[in-house]
Structures are given as C-alpha cells and as structure tokens.
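Written out below as structure tokens is the structure these notes cover.
Protein chains: 2
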Amino acid sequence: MNRKAATEQRRCSLLQAARAVFARQGYANTGVDDIAAQAGIAKGTIYLYFPSKEAIYLAAVLEDARLLAADSRAAMASAGAWQEKLGAYIRTRVNYFERHEDFLRIYISEFRGMCMQGKPMAAEFIHLVQEGEAQLAQLFAAAAARGEIRAVDPELAALTVSDMTRGLMERRLRNWGRPIGPEDTEFVLDVLCRALAA
Amino acid sequence: MNRKAATEQRRCSLLQAARAVFARQGYANTGVDDIAAQAGIAKGTIYLYFPSKEAIYLAAVLEDARLLAADSRAAMASAGAWQEKLGAYIRTRVNYFERHEDFLRIYISEFRGMCMQGKPMAAEFIHLVQEGEAQLAQLFAAAAARGEIRAVDPELAALTVSDMTRGLMERRLRNWGRPIGPEDTEFVLDVLCRALAA
DNA sequence: AGCCATTATGACTGGACAGTCAGTTTGATC
DNA sequence: GATCAAACTGACTGTCCAGTCATAATGGCT
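Structure below.
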C-alpha cells in the first residue's frame with residue numbers, strides 16, 4: 068500500500084511547482100491557477116493538498132528552510148577548527164542556494180520581508196534562523212574561551228556573519244554589475260578570519 | 068503666487084501618508100483608500116497627484132532614497148581618513164534610517180525584493196544603490212593605492228560594507244532577541260577596520 | 001455678488017482572483 | 001465488468017480593489 072507515499076510524492080511536486088512560480092512572479096502576482104498550470108493539475112486539486120494559497124507558500128519555503136538548516140548544522144559539526152567550521156557554514160549555505168535557486172529567490176526577495184511585517188506566518192522559520200545564528204554564536208564563544216579568537220561579543224559576531232552570508236546570496240540574484248563567483252565567498256571568509264584573529 | 072508650492076506641499080504630505088501606510092501594511096495589503104484615509108482626503112483626489120498606486124509607492128521610496136544618498140555622499144566628503152569616511156558612511160545611513168522608520172520598513176522588507184523580481188520599476192533606485200557602492204569602492208581603491216589599507220578588490224570590499232550596513236538596518240526591524248544599539252554599528256566598523264588594515 | 005478655474009469627492013465599474021462544490025474520472029477490488 | 005471510494009476537475013460565486021468620472025466645493029478675481 069504505497070498510497071501514502073504516492074500522495075506525499077504529489078504533494079512534493081506540487082510544492083516544487085509552487086516554488087518555481089512564486090520565484091518567478093512573487094507571491095502577490097501569483098494566482099493559484101498559475102501554480103496549478105505549472106503543476107499540470109486543476110485548481111481544485113490543489114485544495115485537496117493545501118487549505119490555502121498562504122499555506123502552500125509557507126510549506127514551500129519551510130521545506131527548503133529545514134533542509135538548509137540541517138545541511139549547515141551537519142557541515143559545521145563535521146569540521147574541526149573554528150575557521151573550518153565558519154567556512155563550512157558559509158560555503159554550505161552558498162552551495163545550497165546554488166542548488167535551489169527558486170528557494171533563493173523567494174527567500175531573499177520576499178519571504179524575509181514578509182516575516183518582518185507583523186505576520187505570525189512563520190514562527191518555525193524564525194526559529195530556524197535563530198538556531199543558525201545561535202550555532203555561530205556558540206562557535207565564537209567557544210573559540211574565544213579557548214583563546215583562538217579575540218574576545219568579541221559572540222552574538223554580534225554571529226549576526227555579522229549572518230548578514231554577510233545573506234549579502235552573498237543577494238548578489239547572486241541582482242546580477243547588476245559583475246558576476247559573482249567563489250572569490251566573493253572567500254573574500255568574506257578572509258575578512259572574518261582577519262577581524263576575529265586573536 | 069504660491070500655487071505651485073501649495074500643490075507641492077500637498078503632494079509631499081500625501082507621500083508621507085503613503086509611506087506610513089505602506090510601512091505598516093505592505094504594498095499588496097494597502098488599498099488606495101487606506102492611503103487616502105491616512106492623508107485625510109478622498110480616493111479620487113489621490114489621482115490628481117499620481118497616476119497609479121505603483122507611482123505613489125515609487126515616488127514615496129525614491130524621495131527618501133535620494134535624500135539618503137545625498138546625506139551619505141556629503142558625510143563621506145567631509146570626513147578625512149579612510150576610517151573616518153567609512154564610519155561616516157555607515158553612521159550616516161544608520162542615523163538616516165533611525166529618523167525615517169517608515170522608509171526603513173519599506174526599503175528593507177519589500178522594495179529591495181521587488182527590484183530583484185524582474186520589474187523595471189526603479190532604474191533610478193538601482194542607480195542610487197550602485198552609486199553608493201561605487202563611492203565606497205573608490206574610497207578603498209584610493210586608500211589601497213596610498214598603502215593605507217592592504218590590497219583588496221575594492222568592489223568586493225564595497226559590496227561587503229554595503230551588506231553589513233544593510234544587516235544593521237534589518238536587525239532594527241526584526242526585534243527578535245536583543246535590542247540593537249550603537250555597539251552594533253561600532254562592532255561592524257571595528258571588524259572592517261581590522262580586516263582591511265595594511 | 002457673480003464668475004470661472006482649480007481642487008476635491010465618493011459612488012460606480014470592470015476585472016482579477018481565492019476558494020467551493022456538484023459532477024467526472026481513475027483504478028483498486030471482488 | 002461491476003462497484004465504489006478516492007482523486008480530480010473547472011465553472012461558478014462572492015469579494016476586493018484600482019482607477020474613473022459626473023458632480024460639488026473652494027477661493028481668487030473683478
């Protein structure tokens with residue numbers, strides 16, 4: 068009885084389609100009909116899987132946000148020195164977004180902003196972001212305690228890393244001016260290592 | 068004959084009202100009626116001053132974006148050493164946004180994202196952003212040429228500064244966790260100075 | 001006071017779109 | 001191949017809202 072599995076599969080490809088359309092057109096300019104068309108099904112069918120347009124959006128973003136958080140966490144855990152852990156964090160994120168451009172578009176250009184509007188929308192999403200920042204803060208606190216980096220406020224350092232990483236992502240979307248490449252990532256890492264060195 | 072001036076004044080307060088509403092509710096959730104109510108006039112009147120909702124939005128953002136760019140430019144011009152110029156850039160921007168919270172909300176949580184969607188919308192806006200980044204790049208190029216900072220790609224450094232500054236703004240909006248204060252700004256400056264030092 | 005131009009009003013229209021539901025198809029099971 | 005539930009369909013409904021326009025108020029001028 069792979070009924071459950073088949074249903075789950077359909078749900079997934081529906082989310083994939085939704086991501087593609089939301090990334091291309093944005094939330095407000097996307098009709099549920101558009102998602103249906105992209106997924107090759109009728110509008111009514113969508114409502115068998117999700118109760119509302121907003122729920123689709125949230126599910127589409129959250130699925131990737133969870134995977135991204137898991138990836139980062141794993142990469143950091145399997146790295147050694149603080150520089151390597153930091154590098155793992157940033158490179159993993161850059162890499163994840165390279166492999167999931169639709170998610171990148173939604174995440175950077177709309178979703179974060181929507182979370183900042185009053186909307187409760189995404190308690191889990193906020194939690195995932197904070198979790199990532201907390202891991203970084205812990206990394207810095209530990210390294211500082213061991214004297215491997217100078218004494219900085221670990222939270223401030225974590226927020227700064229988070230900002231710089233997000234900046235890397237944004238550059239990838241606005242392709243105003245120069246194309247971006249691995250040297251962008253390495254520059255950020257270099258800046259951080261120099262600024263934090265004991 | 069202060070006819071022109073009076074009209075301009077009305078246009079301005081209309082934009083002010085629009086900013087307040089857009090900041091509170093976002094573009095999509097704001098009706099032209101809402102703007103009219105906030106401004107204390109009827110909907111039809113709005114169309115005497117602007118041809119469309121989108122035009123209001125654009126004008127509201129652009130007005131502030133121009134002032135911000137002018138402020139930054141002036142502050143950098145009147146500072147001396149590269150550290151001071153950099154500090155002037157960042158502090159001026161933080162300060163401007165502190166004094167124009169509605170603009171901050173719109174800018175950070177929606178407008179940038181909308182520019183990244185395909186929309187032509189805001190050629191001038193993009194130009195203003197690039198201009199700010201170009202000034203930073205020029206600052207770093209000059210300082211590097213004088214041997215005051217180490218040799219870095221000036222554009223990469225400028226983009227990084229831009230990202231970190233924007234990060235400072237974002238933190239002000241998402242008041243998840245700690246409140247933010249001047250120490251956030253000073254930390255960013257400290258990181259940059261250490262990372263760029265010759 | 002009477003006149004006209006400028007400015008303002010808000011009921012109205014047309015289109016878009018989220019969500020519904022009565023009916024159709026599918027495919028598993030006997 | 002008959003039966004039935006689960007999956008699917010798309011025309012339809014009600015709501016919302018940007019933009020219009022016929023009408024009204026304002027205020028400067030003679």
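Chain order of the listed sequences is W and E. Taken in order, the first sequence gives residues 68 to 265; the numbers are from our numbering. Taken in order, the second sequence gives residues 68 to 265; the numbers are from our numbering. Backbone N, C-alpha and C define an ideal beta-carbon position, used for all residues, glycine too. All of these numbers come straight from a predicted model, not from anything done at the bench.
key: Reference A224 (chain E); option with closest CA among W:L256, W:L81, W:A201, W:H167   = Closest option to A224 (chain E), Cα to Cα, is W:L256.
query = With 8 Å set as the bound, which would you pick, yes or no: does the beta-carbon of G214 (chain W) sit closer than that to a beta-carbon of chain E?
reply = Using beta-carbon distances, G214 (chain W) does not count as an interface residue toward chain E, since no partner is under 8 Å.
message = Contact between the region 139-156 of chain E and the region 194-204 of chain E is defined here as three or more beta-carbon pairs at a separation below 8 Å; is this criterion met?
response = Between the region 139-156 of chain E and the region 194-204 of chain E there are three or more inter-stretch CB-CB distances shorter than 8 Å, so the stretches are counted as touching.
key: Beta-bridge partners of I216 (chain W), as assigned by DSSP   = I216 (chain W) pairs with W:A264.
ask   = DSSP three-state call for K71 (chain E): helix, strand or coil?
value = Here K71 (chain E) sits in helix by DSSP.
inquiry  = Within 10 Å of its beta-carbon, does P221 (chain E) have 16 or more other beta-carbons around it, so buried, or fewer, so exposed?
reply    = Around the Cβ of P221 (chain E), a 10 Å sphere holds 16 or more other Cβ atoms; the residue is buried.
inquiry  = Could you check whether the region 212-219 of chain E touches the region 186-197 of chain E, counting it as contact only if at least three pairs of C-beta atoms, one from each stretch, sit closer than 8 Å?
reply    = Result no; under three Cβ-Cβ pairs closer than 8 Å.
query = Can a CB atom of chain E be found closer than 8 Å to the CB of Q197 (chain W)?
reply = Closer than 8 Å: yes.
query = For the region 232-243 of chain E against the region 170-177 of chain E, are there 3 or more C-beta pairs whose distance is under 8 Å?
reply = Because the criterion of three Cβ pairs below 8 Å is met, the region 232-243 of chain E and the region 170-177 of chain E touch.
query = Is I157 (chain E) near T252 (chain E), with beta carbons less than 8 Å apart?
reply = Yes, the Cβ-Cβ distance between I157 (chain E) and T252 (chain E) is below 8 Å.
inquiry  = Give me the residue from W:A73, W:Y163, W:G111 with the minimum Cα distance to D131 (chain W).
reply    = If we check each option's Cα against that of D131 (chain W), W:Y163 comes out closest.
request  = Output, in sequence order along the chain, the residues in the region 228-247 of chain E whose CB is closer than 8 Å to any CB in chain W.
outcome  = Close to chain W, meaning a Cβ-Cβ distance shorter than 8 Å, are the following residues of the region 228-247 of chain E: S229, D230, M231, R233, G234, L235, E237, R238, L240, R241, W243, G244, R245.
request  = Give a yes or no on whether 8 Å exceeds the smallest Cβ distance from A261 (chain W) to chain E.
outcome  = First, the residue type needs correcting, since residue 261 (chain W) is Arg and not Ala in the sequence shown. Cβ-Cβ to chain E under 8 Å: yes for R261 (chain W).
Boundaries (first-last residue) of the alpha helix (DSSP H) holding M188 (chain W) = Run containing M188 (chain W): none; DSSP gives neither H nor E here.
ask   = For K152 (chain E) versus L206 (chain E), is the C-beta distance shorter than 8 Å?
value = Judged by beta-carbon spacing, L206 (chain E) lies within the 8 Å limit of K152 (chain E), meaning their Cβ atoms are closer than that value.
inquiry  = Less than 8 Å between the C-beta atoms of L195 (chain E) and A106 (chain E), yes or no?
reply    = Taking 8 Å as the Cβ cut-off, L195 (chain E) and A106 (chain E) do not qualify as a contacting pair.
task = Would you mind giving the Cβ-Cβ distance between V258 (chain E) and T227 (chain W), rounded to the nearest angstrom? I have them listed as a contact below 8 Å.
result = That pair is a contact at about 6 Å.
request  = Quick one: residues in its chain with C-beta nearer than 7 Å to the C-beta of E182 (chain W), no 5 flanking neighbours on either side, listed in chain order?
outcome  = The sequence shown places Cys at residue 182 (chain W), not Glu. So the list reads M188, A189, F192, I193, once near-sequence residues are dropped.
inquiry  = On the DSSP letters alone, give me the boundaries of the alpha helix (DSSP H) that W149 (chain E) sits inside.
reply    = Per DSSP, W149 (chain E) belongs to the alpha helix (DSSP H) from 149-166.
key: Three-state secondary structure assigned by DSSP to D97 (chain W)   = In the sequence on display, residue 97 (chain W) carries Thr and not Asp. For T97 (chain W), the secondary structure class from DSSP, reduced to helix, strand or coil, is coil.
key: DSSP state of G244 (chain W) mapped onto helix, strand, coil   = Note: G244 (chain W) maps to coil in three-state DSSP.
task = Could you tell me whether the Cβ of V99 (chain E) comes closer than 8 Å to any Cβ of chain W?
result = No, V99 (chain E) lies away from the interface with chain W (no Cβ there is under 8 Å from its Cβ).
ask   = What first and last residue would you give for the alpha helix (DSSP H) that runs through I123 (chain E)?
value = Its alpha helix (DSSP H) spans residues 120-144.
task = Determine, using beta carbons only, whether Y124 (chain W) and F89 (chain W) come nearer to each other than 8 Å.
result = The answer is yes: Cβ separation under 8 Å.
ask   = How should G244 (chain W) be labelled, buried or exposed, when 16 other C-beta atoms within 10 angstroms of its C-beta is the threshold for buried?
value = With fewer than 16 other beta carbons inside 10 angstroms of its own, G244 (chain W) counts as exposed.
query = Mind checking D230 (chain W): buried by the 16 CB within 10 Å criterion, or exposed?
reply = By the neighbour-count rule (16 or more Cβ atoms within 10 Å), D230 (chain W) is buried.
task = Tell me, please, whether the CB atom of Q184 (chain W) is closer than 8 Å to any CB atom in chain E?
result = Closer than 8 Å: yes.
query = I think A127 (chain E) touches A85 (chain E), with their Cβ atoms under 8 Å apart; what is that distance to the nearest whole Å?
reply = Correct: roughly 5 Å between the Cβ atoms.
Under 8 Å between C-beta atoms of L171 (chain W) and I216 (chain W) = Going by C-beta atoms, L171 (chain W) is not nearer than 8 Å to I216 (chain W).
key: Among W:K120, W:A155, W:L129, the one whose alpha carbon lies nearest that of T97 (chain W)   = Nearest to T97 (chain W) by C-alpha distance, out of W:K120, W:A155, W:L129, is W:K120.
key: Backbone CA spacing between P249 (chain W) and R166 (chain E) [nearest angstrom]   = Straight-line Cα distance between these residues: approximately 37 Å.
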